[in-house]
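These notes concern the structure reproduced below.
There are 2 protein chains.
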Amino acid sequence: MTPSLEQLPDEQAQAARFQQARDARNAATAQDYVELISDLIATTGEARSVDVAKRLGVSHATVVKTVNRLQKEGLINTKPYRGLFLTDVGENLATESRHRHQVVTNLLIALGVDEETAQADAEGIEHHISAQTLATFESYLQGHRS
Amino acid sequence: MTPSLEQLPDEQAQAARFQQARDARNAATAQDYVELISDLIATTGEARSVDVAKRLGVSHATVVKTVNRLQKEGLINTKPYRGLFLTDVGENLATESRHRHQVVTNLLIALGVDEETAQADAEGIEHHISAQTLATFESYLQGHRS
DNA sequence: TGTAAATTGTAGCCAAGGCTGTAAAATAAA
DNA sequence: TTTATTTTACAGCCTTGGCTACAATTTACA
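From first to last, the protein sequence lines are chains C and H. Going by my numbering, the first residue of the first sequence is number 1, and it counts up by one from there. Going by my numbering, the first residue of the second sequence is number 147, and it counts up by one from there.
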């Protein structure tokens, strides 16, 4: 059993943590999109928005709208009725996100979580891993090579 | 370096993972509120919405609106100009959330993440931990008692 | 080539979770 | 007991990320 708290954390510190979590939540969409687009291009040669929609499990209209926003933000390039492409900035973000995703998945598996559950949980967890925690995960994996 | 993917996961499986992450994101707010309200009551005897706002780092108007929704959903009870209270359902959710939060924090610390970073990252991660992963974390901690 | 199917785009709707500003009620202080 | 402060409530606005429905364009095939 976990006991109830006997002392609250500092007010400002707690607010900063919640803020960090909200920021991560807001950044998650962009990361999911560029990571998926990058993977699609790498494996199939192109990223069609219809495939992005199917793989995210959302409607294609949602994808179009979000892609428009990410294009304004400088992560994605599109040509009408052609596939989706990443800018350099987008590609860098994708690489970083994929790496973080992979490290989280591997850590969960190394701790004993089964692969399918690890894949699923990693999809949410990856967006909340700070640089320090990522480094910690990496060195743990380093020390537990199979 | 993490290599790029050489094979994409199954389409439906991937969509299901993204859906799980979205569901977790949507449930996060309710969990944060009940957990915080429960902690405030346990340590200070009451949960004023002004304190909830300060600790979440949002405006009090946001708290009022969210609390109204959570009341409709049966997690919180309020009496005008009195503090916030949890229903039995809310209290159960709070207990479960606090436990999950604590386990995640402890795991990060056990792996070598410093306490402040662990606290911050746990705030986001906790919402994406499945029952199986939670159990795995618990047994890891069990085997690494200091 | 011309038509059907697939793909992409557009319009408009909704809920959640932020915000500011203002009003009302309760509590504290003079 | 007034008055000032704090707390709570309410109104209205914005953005994000969902959706359906419909239009336009491209691609495939008969």
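Even glycine gets a Cβ: it sits at the ideal position worked out from N, Cα and C.
Item                                                                                                                       : Value
Inter-residue spacing [alpha-carbon to alpha-carbon] between H/Ala256 and H/Val249                                         : 10 Å
Stretch-stretch touch, CB-based, cutoff 8 Å, three pairs: the stretch 27-35 of chain C with the stretch 214-221 of chain H : no
Proximal residues to C/Ser97 (C-beta, below 6 Å), its chain only, five neighbours per side dropped                         : Gln31, Glu35
Cutoff 9 Å: H/Ala159 Cβ touching any chain C Cβ                                                                            : yes
Listed by chain order, chain C residues near H/Ile271 by CB distance under 7 Å                                             : Ile125, His128
C-alpha gap between H/Phe283 and H/Leu253, whole angstroms                                                                 : 7 Å
Interface partners of H/Glu152 on chain C, CB under 9 Å                                                                    : Ala42, Thr43
Neighbourhood of H/Leu287 by C-beta distance below 8 Å, restricted to the same chain and skipping five residues each side  : Val249, Asn252, Leu253, Ala256
Interface flag, H/Gln177 vs chain C, CB-CB below 9 Å                                                                       : no
Simplified DSSP assignment, three categories, for C/Thr78                                                                  : strand
Per DSSP, cross-strand counterpart(s) of H/Leu232                                                                          : H/Ile222
Interface residues of chain H facing C/Thr105 [CB-CB closer than 8 Å]                                                      : The premise fails here: C/Thr105 is roughly 11 Å from chain H at the closest Cβ pair, so nothing lies under 8 Å.
For C/Gln132, three-class secondary structure by DSSP                                                                      : helix
Inter-residue Cα distance where the pair is H/Glu157 and C/Lys54                                                           : 7 Å
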